[in-house]
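Residue numbers (the numbering used here), protein chains in the order written: chain A, 1 to 616; chain B, 1 to 616. Glycine residues also receive a C-beta, built at the ideal position from the N, C-alpha and C atoms.
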């Protein structure tokens, strides 16, 4: 392929040589320039906006671009990166709303106390030297010394690769060594000298859009550092289905997706280790959670069949592999545990939610929602727990919403519309707003409903237009922020279509809740607790959520917003073998229900489309 | 290094370019031309004889060569390969006595019946396809199907590498698969379709000089084929100590020794698989035995410390590793088990001897000798078993004996000297003799003692010389075969030095026996059985062995020569998990005694140097 044109990406100033007729989207991927996309470059989502001043340098505006961009935008040089082919040297500006975003890290709010008992332990031993009257083998000598510290260690196993090096390790260390033991059953490493005062673990939540990691001191149980990055797989599509489709093309694609997420995890590992002044080789255990698609992609397992009915995953129980096998750059002999999953759409992150909230071992009857593109719903207590997954869509994460965005810096997260249609809002990071995150949209929809701007069916009212309530090209919309208030210089609005998206999402979630409750023969008043987890914004207004029927109408005192409990649960499993065992039990015990096959699904769904308080 | 001379090795006709002043021994190694050596090329053993007609092409005859070769030999072009440097293009003839030998394979004579219950099993399963009402994960689906065949299989583990491929394996095989299960605990492979009618194992005895392997059908327990080769490590020295010394030079040397023995095992694997028309990938389990040095070298473990007091091995218990880790070319997911060892000088081959003879589970009181360079001695029964190792030297294997050789084709294995000093002998393979193996030497020494040619002290008598009894350069010798009878065209004799070697060897063995008996407070008449294992020749004459005091003077009816029981024991462990567990128990239970530290060692040794019947 002839590489004969140069593309410069602004504002980063990155240059790359490429071939004629590549799309701007493809070149951005090659150059590692972050650019939003929900459809993976198919011209469907309209999110990969780029500004190109010299229109002669690129191909002509396509039909798809005319659908997604206004004429005035096109006149200003706005294009969709996936539709625009490069014809000569060109400078491409990635506007703020399309570029990578600085993510807001929120420390999980809910953490149950666990007793520190990690899977990986260190023991320092001083071995007696061999003599003619004590000619035990090196390994038996080691086991005898270890079993004096812990009787269980008398029958430890050892990897052949480690065993091979025992004679030279022992003698060069003058018989003082530190042994790293996995799960009280297996020696995974032998280090010279006494290194027993330094032992770390790493907990990771691989989200479809964000990876968050915690470096944990396994001797004290304290979090040393926290880090996060955008999931680098996002260059192959923002949503799970686009990535799965990409992975099915060939083996190289699957490997590429695995490499991206592994590299991402390594980045956070290095980031947190640098911050905590910890050598990554002192990290001997990593507990990973994520949805089932992330689980398969991280482990390099073909994810095709979790996307096809009947959505079967390759495996439910937890997976252990070595850091070396997975190319995670902790100690190469460290172990990686991916917590068990429950079903094709209920992953290890949901298991971690259960660990963090403890509903699986509580007498209290709880309803737990983890709201995301797929919303997992759990109902029950320690006796019995059922769950389902609802295809709620990514509306509450800001996707498929015209000015939607994730709950990161620049997102409007709280809104109040006054009776005279004036708008007050709060922005994450106290900056000029770029868009709306889930909690902000909920507030707007609730207030529009209260003020009659929309009705219970979600239709914008026919009342006369006014500055904030107006008809745009095809549909009505409500202006939340004027162009002079925003970071992008463009208005932030909520459209009729946005309201429809919210209705569909909340109906999906509510339908899941009501079918589960019905199966358990429960009513709303039977519930003791309602846990709401998710990353749509931590400061959701429960009254508004109930008012539009997103969550069941139960007393607010029973509702608890718990944030990213997936990461908390992963940390708990890292700190405690007991928790890991519980995770395994949960995976076996929780009953997963496939909603689509439920006869009352359609009827329940239609009923819950209504924007109104909903009893359950 | 300039490579500017060509060497041709005859009779094979192999050509190799090499550099000036390399020794013939070094070049032979490079060219993979087999040449005997006991000292590894140090000019000490005199065994690496080569014939070079053009003496101008090589360096001058050295002092070491004058010691080991006669003048007439030197005149005929005989040289020691390790002493001879190459000065120009040259042709080197490797005479029969120095070259590689066609080994006589003897099927082990003793084999106890074992119930077929191998560690590796195959199960064919037909899995129900997933549906919306049966959305179990692929792995749980498999386990459920397997547990219907065997309840134990409900909690099988699986390697991450295999798990990864389950989704595509199941679907491409249309849900008919065959699972290979290790030790009823772990799935090591999943093959498409029904391959359950073909499952093989391989048993190997790695001897210092010879590697023997058996291909076994694990569904019937039948031996499919047997093969053997010279241990290719022999190019780095015939004895264990030379190889260990070589291995300590650097890591590359250790790796080279490991590669040689692994390649050797692979050769026999291919040989036997070809003979049995078996795909090596159907071989899923290999049981290996060998002495402790072979154990360490095969596994790539530094063997230095088993050669240094107090002779500690790296590990006693059995080692499992995958075929891939050890580069054994069975199915890459096959498993390699090296049976446990007992001590630095009592290896897995001795454990296999015990499995084969069953003395560890018998009421009868047994004495077991496995005669070799190190002779292992066991005394006891199922209540208690003690053992020791005697540095008997390799005399009974034909090494350090002037015309000694191993019990292979061309070796004189039986001898009778008549009262008129005429000699009758039998040669393995019924060919012209090349030398003497252990059993032949025992016969000669016994008959010389009976006829007064030597006395009890081992001294040749002062009676007048005669054709067969004469004084050579430095010492007296007895001619066994005249030059016109032999394959080499040179006489085969037994020298005063040879008799001394036999005395030292048998004294070492007998001392071991008597100390062990004393420790157990036993006398010869307490013994129910005397087992003699080893490869010095299967047809040892027990009367002669008793007559010279090699074995204790017990009734011949109690003596049993059992041949290579190491290989038999390895096969038994391959066929039966029960046997493998017994091997582990034996390794833990048998008490090893270090003889050198015994106060009566010296006295006992001196006493048993005498060539005479010895009570114990």
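Margin query: Short of 6 Å in beta carbon distance, which residues of its chain neighbour residue 260 of chain B, apart from the five on each side in sequence? Order them along the chain.
Written below: 232, 233, listed in sequence order.
Next item on the list: For residue 73 of chain A, I'd like the list of residues in its chain whose CB is within less than 6 Å of its CB, leaving aside the five on either flank, ordered along the chain.
Entry: Apart from sequence neighbours up to five positions away, no residue of its chain approaches residue 73 of chain A with a beta-carbon distance below 6 Å.
Check: In chain A, what lies closer than 9 Å to residue 597 of chain B by C-beta?
Finding: Going along chain A in sequence order, the residues near residue 597 of chain B (Cβ under 9 Å) are 132, 133.
Notebook entry, point to check: Nearest to residue 59 of chain A by CA position, among A:40, A:81, A:47, is which residue?
Noted result: Of the listed residues, the one whose Cα sits closest to residue 59 of chain A is A:81.
Check: If you draw a straight line from the C-alpha of residue 193 of chain B to the C-alpha of residue 181 of chain B, how long is it?
Finding: The C-alpha of residue 193 of chain B lies about 16 Å from the C-alpha of residue 181 of chain B.
Checklist line | Residue interval of the alpha helix (DSSP H) (run including residue 587 of chain A) | finding: 577 to 589 is the span of the alpha helix (DSSP H), which, as asked, contains residue 587 of chain A.
Notebook entry, point to check: Using the beta-carbon of each residue, which ones in chain B are nearer than 7 Å to residue 494 of chain A?
Noted result: Those within 7 Å of residue 494 of chain A in chain B number zero; the least Cβ separation is about 37 Å.
Item checked: Cβ separation of residue 15 of chain B and residue 85 of chain B, assumed to be a contact under 8 Å, to the nearest whole Å -> Not really, about 19 Å apart at Cβ, beyond 8 Å.
Check: From residue 503 of chain B to residue 611 of chain B, what does the alpha carbon distance come to, in whole angstroms?
Finding: A straight-line Cα-Cα distance of about 7 Å links residue 503 of chain B and residue 611 of chain B.
Next item on the list: For residue 459 of chain B, decide whether its Cβ has a neighbour in chain A, counting only Cβ atoms nearer than 8 Å.
Entry: For residue 459 of chain B, the answer is no, since every Cβ of chain A falls outside 8 Å of its Cβ.
Next item on the list: List the endpoints of the continuous beta strand (DSSP E) containing residue 373 of chain B.
Entry: It is not in any beta strand (DSSP E) - residue 373 of chain B carries neither H nor E in the DSSP assignment.
Next item on the list: Flag this pair as yes or no: are the beta carbons of residue 36 of chain A and residue 47 of chain A separated by less than 8 Å?
Entry: Annotated as proximal: residue 36 of chain A and residue 47 of chain A, with beta-carbon spacing under 8 Å.
Notebook entry, point to check: Unbroken alpha helix (DSSP H) runs of length 4 or more, entirely within the stretch 331 to 394 of chain A: which are they?
Noted result: The stretch 331 to 394 of chain A contains these whole alpha helix (DSSP H) runs: 348 to 357.
Next item on the list: Go through its chain and collect everything with a Cβ distance to residue 391 of chain A's Cβ below 7 Å, but skip five positions before and after it.
Entry: The beta carbon of residue 391 of chain A lies closer than 7 Å to those of 374, 508 in the same chain, with the five residues before and after it left out.
Check: Is the stretch 113 to 125 of chain B touching the stretch 568 to 579 of chain B, taking contact as three or more C-beta pairs under 8 Å?
Finding: Yes, since at least three Cβ pairs between the stretch 113 to 125 of chain B and the stretch 568 to 579 of chain B fall closer than 8 Å, the two stretches touch.
Check: Taking C-beta to C-beta, are residue 370 of chain B and residue 353 of chain B nearer than 8 Å?
Finding: Yes, the Cβ-Cβ distance between residue 370 of chain B and residue 353 of chain B is below 8 Å.
Notebook entry, point to check: Shorter than 8 Å from the beta carbon of residue 164 of chain B to some beta carbon of chain A?
Noted result: Yes, contact with chain A.
Next item on the list: Say whether the stretch 404 to 422 of chain A touches the stretch 434 to 449 of chain A, bearing in mind that this needs 3 or more beta-carbon pairs closer than 8 Å, one atom from each stretch.
Entry: Yes, the stretch 404 to 422 of chain A is in contact with the stretch 434 to 449 of chain A.
Item checked: residue 312 of chain B beta carbon less than 8 Å from that of residue 139 of chain A -> No, these two residues do not count as a Cβ contact at 8 Å.
Notebook entry, point to check: Which chain B residues are close to residue 311 of chain A, counting only those with a beta carbon under 8 Å from its beta carbon?
Noted result: Near residue 311 of chain A (Cβ distances below 8 Å), the residues of chain B are 135.
Next item on the list: Over the uninterrupted beta strand (DSSP E) stretch that includes residue 425 of chain A, give me the two end residues.
Entry: Residues 423 to 427.
Margin query: Give me the chain B residues within the contact set of residue 144 of chain A, using Cβ-Cβ distance strictly less than 9 Å, ordered along the chain.
Written below: Going along chain B, no residue has its Cβ under 9 Å from residue 144 of chain A, so there is no contact; the nearest lies around 12 Å.
Note to self: Suppose you measure from the CA of residue 320 of chain B to the CA of residue 341 of chain B; what does that come to, to the nearest Å?
What the structure shows: Spanning the two alpha carbons is a distance of roughly 13 Å.
Notebook entry, point to check: Using a Cβ-Cβ distance under 8 Å, would residue 305 of chain B count as near chain A?
Noted result: Yes, its Cβ sits closer than 8 Å to a Cβ of chain A.
Next item on the list: Using a Cβ-Cβ cut-off of less than 8 Å, give me the residues of the stretch 581 to 614 of chain A that come near chain B, in sequence order.
Entry: Legend: CB atoms of the stretch 581 to 614 of chain A lying less than 8 Å from CB atoms of chain B belong to residues 592, 594, 596, 597.
Check: Mind checking whether residue 7 of chain A and residue 92 of chain A have CB atoms under 8 Å apart?
Finding: A contact, by the Cβ cut-off of 8 Å.
Item checked: the stretch 161 to 194 of chain A: positions lying closer than 7 Å to chain B by Cβ -> Cβ contacts with chain B come from 163, 164, 166, 167, 168.
Check: Hey, is residue 119 of chain B's beta-carbon within less than 8 Å of any beta-carbon in chain A?
Finding: Not flagged as an interface residue toward chain A: residue 119 of chain B, since no C-beta distance is shorter than 8 Å.
Next item on the list: Mark residue 1 of chain B as exposed unless 16 or more other C-beta atoms lie within 10 angstroms of its C-beta, in which case mark it buried.
Entry: Legend: pLDDT at residue 1 of chain B = 49, less than 50; position of this residue unreliable, no value from coordinates given.
Notebook entry, point to check: Enumerated in chain order, which unbroken segments of the beta strand (DSSP E) with a length of 3 residues or greater are wholly contained in the stretch 220 to 268 of chain B?
Noted result: Runs of the beta strand (DSSP E) inside the stretch 220 to 268 of chain B: 223 to 230.
Margin query: Suppose only complete runs of 4+ residues qualify. What are the alpha helix (DSSP H) ranges in the stretch 528 to 556 of chain A, listed by chain order?
Written below: Taking only runs of at least 4 residues, the alpha helix (DSSP H) segments lying wholly in the stretch 528 to 556 of chain A are 542 to 547.
Note to self: Let me check understanding here. Comparing Cα to Cα, which of B:57, B:212, B:449 lies closest to residue 549 of chain B?
What the structure shows: When the alpha-carbon of residue 549 of chain B is set against those of B:57, B:212, B:449, the nearest one is in B:449.
Next item on the list: Determine the direct distance from the alpha carbon of residue 155 of chain B to that of residue 148 of chain B, and round the result to whole angstroms.
Entry: Cα to Cα, the separation comes out at about 12 Å.
Next item on the list: Identify the contact partners of residue 512 of chain B in chain A, using a Cβ-Cβ distance below 9 Å as the criterion.
Entry: None at all; the shortest Cβ gap to chain A is about 17 Å.
Notebook entry, point to check: Where residue 452 of chain A and residue 469 of chain A are concerned, what is the direct C-alpha to C-alpha distance, given to the nearest angstrom?
Noted result: Looking at the two C-alpha atoms, the distance is approximately 12 Å.
Next item on the list: Please report how far the alpha carbon of residue 18 of chain B lies from the alpha carbon of residue 26 of chain B, in whole angstroms.
Entry: Rounded to whole angstroms, residue 18 of chain B to residue 26 of chain B spans 10 Å at the Cα level.
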